[in-house]
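There are 2 protein chains.
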Amino acid sequence: MTGFDLSVGAARAAFAPLGLDLSDEEALYRHTVAVWCQLVEPGDSAAGRVVASLGPVEALARLAAASPFAELTAREDSDARKRWMPRLSARAVSDTLRIAGARGVRLVTRHDPVWPQQLDDLGPHAPMCLWVRGDAAALARLDPSVAVVGARAASGYGDLVARELAAELAGSGIPVVSGGAYGIDGAAHRAALSAGGLTVALLAGGAERAYPAGHTQLIDHIAATGIVASEVPCGSAPTKWRFLQRNRLIAALSTATVVVEAGWRSGSLNTAGHAAALGRGLGAVPGPITSPGSAGTHRLIRDYGGAACITSPDDVRELLGLAAASRGDGGPTPRAGGAAERAEDRGRTDDTTRVRDALSARIGRDADDVARRAGMAVDEVQAMLGLLRLEGAVLVGADGWRLAALHG
Amino acid sequence: MTGFDLSVGAARAAFAPLGLDLSDEEALYRHTVAVWCQLVEPGDSAAGRVVASLGPVEALARLAAASPFAELTAREDSDARKRWMPRLSARAVSDTLRIAGARGVRLVTRHDPVWPQQLDDLGPHAPMCLWVRGDAAALARLDPSVAVVGARAASGYGDLVARELAAELAGSGIPVVSGGAYGIDGAAHRAALSAGGLTVALLAGGAERAYPAGHTQLIDHIAATGIVASEVPCGSAPTKWRFLQRNRLIAALSTATVVVEAGWRSGSLNTAGHAAALGRGLGAVPGPITSPGSAGTHRLIRDYGGAACITSPDDVRELLGLAAASRGDGGPTPRAGGAAERAEDRGRTDDTTRVRDALSARIGRDADDVARRAGMAVDEVQAMLGLLRLEGAVLVGADGWRLAALHG
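Those protein sequence lines, which keep their order, are chains A and B.
The numbering of the first sequence is numbering that gives the first Met the number 0, which starts it at 0 and goes up by one.
The numbering of the second sequence is numbering that gives the first Met the number 0, which starts it at 0 and goes up by one.
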């Protein structure tokens, strides 16, 4: 290895600009995470696997020692090193951390209590860390949350709908996640801010810079009360790949994704695809069939196992598993209890009921998702789903498991 | 009975205004159908049962002779006679037939080769007959056909979409059925006429009168090349009940129903409900969520087992089981063969394939419907569906059977 310094001293020195009071272990851990973040592009599953298996410190030590990774095939190992090694630069890491310190960007890792665990649903594609401007603690408050996304070239209709949905949802306590872009994203962020709600902008480039530049003021406003975050280190430019990977992050961080307006081949369909693949809620807002801006949302609604047709904030709440807001009610009422309530319920409700409660008649969910919602082990859930299927109480299709509606 | 004359002579005299060359048997049959039509309101299932069981002639003879109907309970029998007897009037029947003769309205019964057999899917609620102005022979050409229906108070958007869909579909040889009303119905009929296609107006009152009166000219134009039909006798006023029953007739006559625009409680949702109940194709056109005229169509799309989201004529063709029109192609290409082609196929394709072909991944169908489409016996089909279900190839839900899409 090129003499890269993996010592605690180097870690402490690199982290000095962030002015944190770190233990040796923490400094080392955080430094190696920052290094990994520098080495890999978002979604690099080889890195995800070795880091998940060995931890970032040990994985980096092996990389530096050129000792093969048992987690990878020889070919994967060789390809990965070719990708990673040229990017190993102490200078790049210290530059990143200096920018982070100067711009108030925090590094949030899996060791942080505020780490949004829903990101781990991405498996080996999960981000190494998040670089966060703003209220990092609010990361822990994004379940439920809704991604409101859509075309940059929004129509007046799309802009209006994005504002109305975001204002109503954020105003009632549901965080609104988006990508900080022109068009639908910007409308959603602005409306959430105006409503005094929490909003999260996930950027494709470094969290310290506004992209697009025309949204510098908006993104500063978001950071002032909400969250601006990225998985790429400070100083990174947004690239096409990073935009696509940022989309997966939006989908994974949010409980549900709602596409407000999207052309036939819009990037928002990519976000929607990630949401569907992750078993997250997915909704799309219909519009005039004469509007190209609604061609993509209609495509989502039409396709088998497709998106819920969203026509109101209450439709979004339903997608989130929340009861419709009563008029004058300040916040959403959970339909099913939270984790604590579920645990308490164990004595009272049987497993069948809990699996049923974790299913929807409209949205297919895979067994992992059902297990997560039911607070049960996946194999327990799979067996239960099999039984319920025999009874005709549940259906399984390409989009996963769903309740059979008895009165259609 | 009140001296009502059931003789052949009376039948011939009553039918004289229509100037038909009828055998004694035909004259008697048609006369008793016309009488039944006078006695009952549309959808009277007690009448449907006794006429289906005994035939109209024998059923009327028993009614006249006050002999009980074995098909009805004593209570049903008594209630039915109370409904029917006060309406028994030779004068009313001859008036109806005189108007029919004067206005060129034909009586089409189940004995006519042009009788649209899809109406018999209504079972005991099927109409006794149809009173038809225009090209009665075209009744036999309505499979496939599409009902294009919607709000009377259509928006400019709804009007445009109805016109575009109807013109494209009718122009490519798919008959357009509707209700002759203001708004969407009128737009659909007009566009179909302009495109030189076949269009059918089903009226809630007598076929000889235009309702609404403002559509007198339009309805005359429809009768000139297409069909204006009603199940109630000439001289009957449209009533609320008859409008609702007329909606069931639109749904039953058409292969699929597409709702273009509908308020939250629009009558078009009633037509849609009939289409769904009959296992017919059902589609709805999305629109701006800010438009009250699209609230009903979004409701149809959203509801479980709901309507297909229709954004183009090709979406309607898919609903009809037809392949998308190629550009420059004069007419639709059947995706599955017609009845004759299916019969020919018997040697080549096995029953499983035929049952699969009769299913859709999107629209649930009941076993009767599947059997009809497959040209197989219902119990044969039910057994096959059970096997396919075990294989996971089909799903069953509240809306019936559908294909499991393997690649969602």
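Note that the Cβ used here is the ideal one computed from N, Cα and C, for glycine as well.
Check A/I249 in the structure and name its three-state DSSP category. Taking the first sequence and counting its residues from 1, one reaches residue 249 of chain A at position 250. Three-state result, A/I249: helix.
Give the secondary structure of B/A276 by DSSP, where H, G and I count as helix, E and B as strand, and everything else as coil. The residue given as residue 276 of chain B occupies position 277 in the second sequence. It is helical.
Chain A residues whose Cβ lies nearer than 9 Å to that of B/A307: The residue you call residue 307 of chain B lines up with position 308 of the second sequence. Near B/A307 (Cβ distances below 9 Å), the residues of chain A are R301.
Could you please give the first and the last residue of the uninterrupted beta strand (DSSP E) stretch that includes B/S293? Reading the second sequence from its first residue, position 294 is the one you call residue 293 of chain B. In the DSSP assignment, B/S293 falls outside any beta strand (DSSP E) and carries neither an H nor an E.
Would a C-beta distance cut-off of 8 Å place A/P123 and A/G47 closer than the cut-off? Your numbering for residue 123 of chain A matches position 124 in the first sequence. Your numbering for residue 47 of chain A matches position 48 in the first sequence. It is a contact, given that the beta carbons lie within the stated cut-off.
For A/W263, which of helix, strand or coil comes out of DSSP? On the first sequence, residue 263 of chain A is found 264 positions in, with the first residue counted as 1. Note: A/W263 maps to coil in three-state DSSP.
For B/H297 and chain A, any beta-carbon pair shorter than 8 Å? Within the second sequence, numbered from 1, the residue matching residue 297 of chain B stands at position 298. Yes - at least one Cβ of chain A is within 8 Å of the one on B/H297.
Which residues bound the beta strand (DSSP E) around A/S171? If you number the first sequence from 1, residue 171 of chain A lands on position 172. Neither: A/S171 is in no beta strand (DSSP E) and is coded neither H nor E.
Give a yes or no on whether the minimum CB-CB distance between A/R345 and chain B is below 8 Å. Here residue 345 of chain A is taken as the residue at index 346 of the first sequence, counted from 1. Note that A/R345 scores 33 on pLDDT, short of 50, meaning its location in the model is unreliable and no value can be drawn from it.
Residue closest to B/G266, alpha-carbon to alpha-carbon, out of B/R80, B/A366, B/A180: Your numbering for residue 266 of chain B matches position 267 in the second sequence. Nearest option by C-alpha distance: B/A180.
Looking at the unbroken alpha helix (DSSP H) that takes in B/W83, where does it start and where does it end? Walking along the second sequence from the start, residue 83 of chain B turns up at place 84. 73 to 83 is the extent of the alpha helix (DSSP H) around B/W83.
B/D134 to B/G225 span [Cα, whole Å]: On the second sequence, position 135 is the one that residue 134 of chain B refers to. On the second sequence, position 226 is the one that residue 225 of chain B refers to. Going by the C-alpha atoms only, they are around 6 Å apart.
Any beta carbon of chain A sitting closer than 8 Å to that of B/L159? One-based indexing of the second sequence puts residue 159 of chain B at position 160. Yes - at least one Cβ of chain A is within 8 Å of the one on B/L159.
Whole alpha helix (DSSP H) elements within the segment 5 to 47 of chain B, 4-residue minimum: 7 to 14, 23 to 38
The segment 269 to 294 of chain B: which residues have C-beta closer than 9 Å to a C-beta of chain A, in chain order? A275, V284, P285, G286, P287, I288, T289, S290, S293, A294
Assigned secondary structure, B/R105 (DSSP; H/G/I helix, E/B strand, else coil): The count along the second sequence starts at 1 and reaches residue 105 of chain B at position 106. Here B/R105 sits in strand by DSSP.
Under the three-state DSSP convention, the category A/A236 falls into: Mapped onto the first sequence, residue 236 of chain A falls at position 237. The answer is coil: DSSP assigns A/A236 none of H, G, I, E or B.
Straight-line CA distance for A/V227 to A/R241? Position 228 of the first sequence, counted from the first residue, corresponds to residue 227 of chain A. Position 242 of the first sequence, counted from the first residue, corresponds to residue 241 of chain A. Rounded to the nearest angstrom, the two C-alpha atoms are 16 Å apart.
Could you tell me whether the Cβ of A/T254 comes closer than 8 Å to any Cβ of chain B? Stepping through the first sequence from its first residue, residue 254 of chain A is reached at position 255. Any Cβ of chain B closer than 8 Å to the Cβ of A/T254 would place that residue at the interface, and such an atom is absent.
Coil, strand or helix - A/L141 by DSSP: Taking the first sequence and counting its residues from 1, the one referred to as residue 141 of chain A is at position 142. In this structure, A/L141 counts as coil in the three-state DSSP scheme.
Which residues in the same chain as B/P67 place their Cβ atom closer than 6 Å to its Cβ, once the five residues preceding and following it in sequence are excluded? Start at 1 with the first residue of the second sequence, and residue 67 of chain B comes out as number 68. These residues qualify, in order along the chain: D76.
C-beta neighbour in chain A for B/T95, strict 8 Å: Indexing the second sequence from 1 puts residue 95 of chain B at position 96. B/T95 has a beta carbon lying at 8 Å or more from every beta carbon in chain A.
Does the Cβ of A/W130 have 16 or more other Cβ atoms within 10 Å, making it buried, or fewer, making it exposed? On the first sequence, position 131 is the one that residue 130 of chain A refers to. When all chains shown are included, A/W130 counts as buried.
Chain B partners of A/Y156, CB-CB under 8 Å? Along the first sequence, read from residue 1 onward, the residue named residue 156 of chain A stands at position 157. Here the neighbours are P287, T289.
Can you tell me whether DSSP reads B/S325 as helix, strand or coil? The residue you call residue 325 of chain B lines up with position 326 of the second sequence. With a pLDDT of only 45 at B/S325, under the threshold of 50, the placement of this residue in the model should not be trusted, and no figure is reported.
Using a Cβ-Cβ distance cut-off of 8 Å, determine whether B/T198 contacts chain A. The sequence position of residue 198 of chain B within the second sequence is 199, counting from 1. So, not an interface residue.
Taking 8 Å as the CB-CB limit, is B/T310 close to chain A? Counting from one through the second sequence, the residue named residue 310 of chain B turns up at place 311. So yes, B/T310 belongs to the interface.
A/S359 by DSSP, collapsed to three states: which one? Locating residue 359 of chain A in the first sequence gives position 360, where the first residue counts as 1. In this structure, A/S359 counts as coil in the three-state DSSP scheme.
Is the beta carbon of A/R247 closer than 8 Å to that of A/L402? Walking along the first sequence from the start, residue 402 of chain A turns up at place 403. Walking along the first sequence from the start, residue 247 of chain A turns up at place 248. Contact: no.
My output table needs one value for A/R132: the three-state DSSP class, helix, strand or coil. In the first sequence, residue 132 of chain A corresponds to position 133, counting from 1. Correct three-state label for A/R132: strand.
Skipping 5 residues on each side, what residues in its chain have a beta carbon closer than 8 Å to that of A/A136? Within the first sequence, residue 136 of chain A is the residue found at index 137, counting from 1. Closer than 8 Å at the Cβ level, and outside the excluded window around A/A136, lie V113.
State buried or exposed for B/T296, treating a residue as buried only when at least 16 other CB atoms are found within 10 Å of its CB. Residue numbering aside, residue 296 of chain B sits at position 297 when the second sequence is read from its first letter. B/T296 is buried by the Cβ-count criterion.
Segment limits, alpha helix (DSSP H) that includes A/A228: By 1-based counting over the first sequence, the position of residue 228 of chain A is 229. According to the DSSP assignment, A/A228 belongs to no alpha helix (DSSP H) but to the beta strand (DSSP E) extending over 226 to 229.
Three-state class that DSSP yields for B/L87 in the structure shown: Reading the second sequence from its first residue, position 88 is the one you call residue 87 of chain B. Three-state result, B/L87: coil.
Could you check what DSSP says for B/A64 in three-state terms: helix, strand or coil? Walking along the second sequence from the start, residue 64 of chain B turns up at place 65. Three-state result, B/A64: coil.
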